[in-house]
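Numbering (our numbering), first residue to last: 4 to 182.
In C-alpha coordinates:
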(Lines of atoms letter the chains of each structure in order from A and count residues from 1; the text may use other names and numbers.)
(Lines give C-alpha, C1' and ligand atoms only; values in the text may rest on other atoms or scores of the structure.)
Protein backbone atom coordinates (compact mmCIF):
# COMPACT_ATOMS: atom_id res chain seq x y z
CA UNK A 1 0.00 0.00 0.00
CA UNK A 2 2.79 2.41 0.91
CA UNK A 3 4.55 1.67 -2.40
CA UNK A 4 1.38 2.47 -4.34
CA UNK A 5 0.98 5.81 -2.53
CA UNK A 6 4.61 6.67 -3.25
CA UNK A 7 4.07 5.71 -6.92
CA UNK A 8 1.04 8.01 -7.17
CA UNK A 9 2.90 10.85 -5.49
CA UNK A 10 5.85 10.34 -7.85
CA UNK A 11 3.59 10.52 -10.91
CA UNK A 12 1.87 13.66 -9.66
CA UNK A 13 5.19 15.33 -8.81
CA UNK A 14 6.60 14.38 -12.20
CA UNK A 15 3.56 15.84 -13.96
CA UNK A 16 3.75 19.07 -11.98
CA UNK A 17 7.50 19.39 -12.51
CA UNK A 18 7.12 18.72 -16.23
CA UNK A 19 4.42 21.32 -16.67
CA UNK A 20 6.33 23.83 -14.58
CA UNK A 21 8.67 24.15 -17.55
CA UNK A 22 6.17 26.66 -18.88
CA UNK A 23 6.95 28.93 -15.94
CA UNK A 24 10.69 28.46 -16.45
CA UNK A 25 10.10 30.01 -19.84
CA UNK A 26 10.20 33.33 -17.99
CA UNK A 27 13.99 32.91 -17.88
CA UNK A 28 14.15 32.09 -21.60
CA UNK A 29 15.56 34.57 -24.09
CA UNK A 30 13.13 37.14 -25.43
CA UNK A 31 10.67 35.57 -27.85
CA UNK A 32 9.75 37.11 -31.18
CA UNK A 33 6.14 37.18 -32.37
CA UNK A 34 6.68 34.15 -34.68
CA UNK A 35 8.15 32.26 -31.69
CA UNK A 36 5.25 33.31 -29.46
CA UNK A 37 2.85 32.05 -32.14
CA UNK A 38 4.67 28.71 -32.14
CA UNK A 39 4.50 28.43 -28.34
CA UNK A 40 0.77 29.25 -28.38
CA UNK A 41 -0.01 26.65 -31.04
CA UNK A 42 2.14 23.99 -29.38
CA UNK A 43 0.63 24.61 -25.92
CA UNK A 44 -2.89 24.28 -27.33
CA UNK A 45 -2.04 21.15 -29.33
CA UNK A 46 -0.57 19.53 -26.23
CA UNK A 47 -3.83 19.90 -24.34
CA UNK A 48 -5.74 18.53 -27.32
CA UNK A 49 -3.44 15.49 -27.24
CA UNK A 50 -4.02 15.02 -23.50
CA UNK A 51 -7.78 15.24 -24.08
CA UNK A 52 -7.65 12.56 -26.77
CA UNK A 53 -5.94 10.19 -24.34
CA UNK A 54 -8.59 10.94 -21.72
CA UNK A 55 -11.41 10.17 -24.13
CA UNK A 56 -9.76 6.90 -25.03
CA UNK A 57 -8.94 5.81 -21.47
CA UNK A 58 -11.58 7.25 -19.14
CA UNK A 59 -15.06 5.96 -18.43
CA UNK A 60 -15.86 8.89 -16.14
CA UNK A 61 -18.38 11.28 -17.74
CA UNK A 62 -16.94 14.30 -15.89
CA UNK A 63 -13.48 13.51 -17.29
CA UNK A 64 -14.61 12.78 -20.85
CA UNK A 65 -16.83 15.88 -20.94
CA UNK A 66 -13.88 17.96 -19.75
CA UNK A 67 -11.55 16.33 -22.30
CA UNK A 68 -14.02 17.00 -25.12
CA UNK A 69 -14.25 20.66 -24.03
CA UNK A 70 -10.43 20.91 -24.05
CA UNK A 71 -10.26 19.45 -27.56
CA UNK A 72 -12.99 21.77 -28.84
CA UNK A 73 -11.77 24.96 -27.17
CA UNK A 74 -8.06 24.47 -27.83
CA UNK A 75 -8.76 23.55 -31.46
CA UNK A 76 -10.69 26.81 -31.80
CA UNK A 77 -7.74 28.76 -30.37
CA UNK A 78 -5.39 27.09 -32.84
CA UNK A 79 -7.78 28.04 -35.65
CA UNK A 80 -7.77 31.67 -34.43
CA UNK A 81 -3.98 31.68 -34.19
CA UNK A 82 -3.62 30.21 -37.70
CA UNK A 83 -6.04 32.80 -39.08
CA UNK A 84 -4.08 35.59 -37.40
CA UNK A 85 -0.63 34.46 -38.55
CA UNK A 86 -2.01 33.93 -42.06
CA UNK A 87 -3.47 37.47 -42.03
CA UNK A 88 -0.20 38.89 -40.71
CA UNK A 89 1.86 36.73 -43.09
CA UNK A 90 3.86 35.38 -40.15
CA UNK A 91 5.18 31.83 -39.97
CA UNK A 92 5.34 30.42 -36.44
CA UNK A 93 8.97 29.76 -35.60
CA UNK A 94 10.08 26.75 -33.60
CA UNK A 95 12.13 27.71 -30.55
CA UNK A 96 13.57 26.38 -27.31
CA UNK A 97 10.34 26.98 -25.38
CA UNK A 98 8.08 25.17 -27.87
CA UNK A 99 10.63 22.34 -28.15
CA UNK A 100 10.74 22.01 -24.37
CA UNK A 101 6.95 21.91 -24.20
CA UNK A 102 6.83 19.16 -26.83
CA UNK A 103 9.50 17.14 -25.06
CA UNK A 104 7.70 17.43 -21.72
CA UNK A 105 4.37 16.54 -23.27
CA UNK A 106 5.78 13.33 -24.72
CA UNK A 107 6.76 12.23 -21.21
CA UNK A 108 3.36 13.15 -19.80
CA UNK A 109 1.58 11.36 -22.66
CA UNK A 110 3.63 8.23 -21.87
CA UNK A 111 2.57 8.48 -18.22
CA UNK A 112 -1.08 9.07 -19.12
CA UNK A 113 -1.04 6.04 -21.39
CA UNK A 114 0.68 3.81 -18.81
CA UNK A 115 -1.02 4.80 -15.56
CA UNK A 116 -3.54 2.22 -14.32
CA UNK A 117 -7.16 2.67 -15.38
CA UNK A 118 -8.03 3.06 -11.71
CA UNK A 119 -5.62 5.99 -11.33
CA UNK A 120 -6.08 7.53 -14.77
CA UNK A 121 -8.86 10.04 -14.05
CA UNK A 122 -7.09 11.57 -11.06
CA UNK A 123 -3.75 11.65 -12.89
CA UNK A 124 -5.30 13.30 -15.95
CA UNK A 125 -7.25 15.93 -13.99
CA UNK A 126 -4.31 16.69 -11.67
CA UNK A 127 -2.20 17.26 -14.79
CA UNK A 128 -4.87 19.50 -16.31
CA UNK A 129 -4.93 21.68 -13.18
CA UNK A 130 -1.13 21.98 -13.14
CA UNK A 131 -0.93 22.48 -16.91
CA UNK A 132 -3.54 25.24 -16.98
CA UNK A 133 -1.93 27.00 -14.02
CA UNK A 134 1.41 26.91 -15.83
CA UNK A 135 -0.06 28.03 -19.17
CA UNK A 136 -1.94 30.91 -17.56
CA UNK A 137 1.26 32.02 -15.84
CA UNK A 138 3.24 31.79 -19.08
CA UNK A 139 0.61 33.70 -21.08
CA UNK A 140 0.36 36.46 -18.45
CA UNK A 141 4.04 36.74 -17.58
CA UNK A 142 5.88 35.79 -20.76
CA UNK A 143 3.82 35.74 -23.95
CA UNK A 144 1.65 38.84 -23.52
CA UNK A 145 4.47 41.07 -22.22
CA UNK A 146 6.78 39.98 -25.04
CA UNK A 147 4.25 40.14 -27.90
CA UNK A 148 5.05 43.06 -30.18
CA UNK A 149 2.08 42.84 -32.56
CA UNK A 150 -1.07 44.30 -31.01
CA UNK A 151 -3.35 41.73 -32.68
CA UNK A 152 -1.26 38.86 -31.33
CA UNK A 153 -1.30 40.45 -27.88
CA UNK A 154 -5.08 40.93 -28.17
CA UNK A 155 -5.57 37.26 -29.08
CA UNK A 156 -3.47 36.13 -26.11
CA UNK A 157 -5.42 38.44 -23.79
CA UNK A 158 -8.73 37.21 -25.23
CA UNK A 159 -7.79 33.59 -24.56
CA UNK A 160 -6.97 34.16 -20.87
CA UNK A 161 -10.58 34.06 -19.58
CA UNK A 162 -11.14 30.72 -21.33
CA UNK A 163 -7.94 29.31 -19.83
CA UNK A 164 -9.02 30.51 -16.40
CA UNK A 165 -12.46 28.91 -16.93
CA UNK A 166 -10.72 25.66 -17.92
CA UNK A 167 -8.69 25.81 -14.72
CA UNK A 168 -11.83 26.34 -12.65
CA UNK A 169 -13.55 23.43 -14.37
CA UNK A 170 -10.48 21.22 -13.88
CA UNK A 171 -10.33 22.10 -10.18
CA UNK A 172 -14.03 21.32 -9.81
CA UNK A 173 -13.54 17.94 -11.48
CA UNK A 174 -10.44 17.37 -9.35
CA UNK A 175 -12.42 17.91 -6.15
CA UNK A 176 -15.04 15.38 -7.28
CA UNK A 177 -12.50 12.79 -8.35
CA UNK A 178 -10.40 13.16 -5.19
CA UNK A 179 -13.33 12.13 -3.00
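Ideal Cβ positions, reconstructed from N, Cα and C, are used throughout, including at glycine.
- Message: In this structure, how does DSSP classify residue 99 when only helix, strand and coil are distinguished?
- Response: In the chain shown, the residue the question calls residue 99 occupies position 96. In the structure shown, residue 99 adopts helical secondary structure according to DSSP, grouped into three states.
- Query: When DSSP labels each residue in this structure, what does residue 177 get in the three-state scheme?
  - Reply: Position 174 of the chain shown holds residue 177. The three-state secondary structure of residue 177, taken from DSSP, is helix.
- Which residue spans inside the segment 116-141 form an unbroken alpha helix (DSSP H) run of at least 4? Listed in chain order, the complete alpha helix (DSSP H) runs (minimum 4 residues) inside the segment 116-141 are 120-141.
- Query: Taking just the CA atoms, how far does residue 99 sit from residue 105?
  - Reply: Here residue 105 is taken as the residue at index 102 of the chain shown, counted from 1. Here residue 99 is taken as the residue at index 96 of the chain shown, counted from 1. Going by the C-alpha atoms only, they are around 10 Å apart.
- Is residue 116 closer than 8 Å to residue 77 when the C-beta atoms are compared? The sequence position of residue 77 within the chain shown is 74, counting from 1. The sequence position of residue 116 within the chain shown is 113, counting from 1. No. Outside cutoff.
- Straight-line Cα distance separating residue 169 from residue 73: Here the question's residue 73 lines up with position 70 in the chain shown. Here the question's residue 169 lines up with position 166 in the chain shown. Between residue 73 and residue 169, the C-alpha separation is close to 8 Å.
- Message: Between 166, 75, 42, 59, which has its C-alpha nearest residue 123's C-alpha?
- Response: As a working note, residue 123 is residue 120 in the chain shown. Per the Cα distances, 59.
- Task: Using the Cα positions of residue 92 and residue 51, report the straight-line distance between them to the nearest angstrom.
- Result: Stepping through the chain shown from its first residue, residue 92 is reached at position 89. Stepping through the chain shown from its first residue, residue 51 is reached at position 48. Residue 92 and residue 51 have their C-alpha atoms some 25 Å from each other.
- Query: By Cβ distance, which residues of its chain are closer than 8 Å to residue 173, with the 5 residues on each side in sequence left out?
  - Reply: As a working note, residue 173 is residue 170 in the chain shown. Excluding residues within five positions, the ones whose Cβ falls inside 8 Å are 69, 128, 131, 132, 135.
- Message: Tell me the rounded alpha-carbon separation between residue 181 and residue 126.
- Response: As a first step, residue 181 is located in the chain shown; it is residue number 178 there, counting from the start. As a first step, residue 126 is located in the chain shown; it is residue number 123 there, counting from the start. Looking at the backbone, the Cα of residue 181 and that of residue 126 are separated by about 10 Å.
- Query: If we ignore side chains and look at the alpha-carbon of each, how far apart do residue 103 and residue 38 end up?
  - Reply: For the purposes of this step, residue 103 is identified with residue 100 of the chain shown, where counting begins at 1. For the purposes of this step, residue 38 is identified with residue 35 of the chain shown, where counting begins at 1. One Cα belongs to residue 103, the other to residue 38, and the distance between them is close to 13 Å.
- Query: Mapping DSSP to helix, strand and coil, what is residue 189?
  - Reply: Because residue 189 is not part of the residues shown, which for the chain are 4 to 182, the question remains open.
- Of the listed residues 148, 111, 144, 155, nearest to residue 86 (C-alpha basis): Within the chain shown, residue 86 is the residue found at index 83, counting from 1. With distances taken between Cα atoms, residue 86 lies closest to 155.
- Query: On the three-state DSSP scale, how would you describe residue 62?
  - Reply: On the chain shown, position 59 is the one that residue 62 refers to. Looking at residue 62 - three-state DSSP - the assignment turns out to be coil, as it is neither helix nor strand.
- Taking the CB atoms as reference points, tell me whether residue 149 and residue 33 lie closer together than 8 Å. As a working note, residue 149 is residue 146 in the chain shown. As a working note, residue 33 is residue 30 in the chain shown. If you check the CB distance, residue 149 and residue 33 come in under 8 Å.
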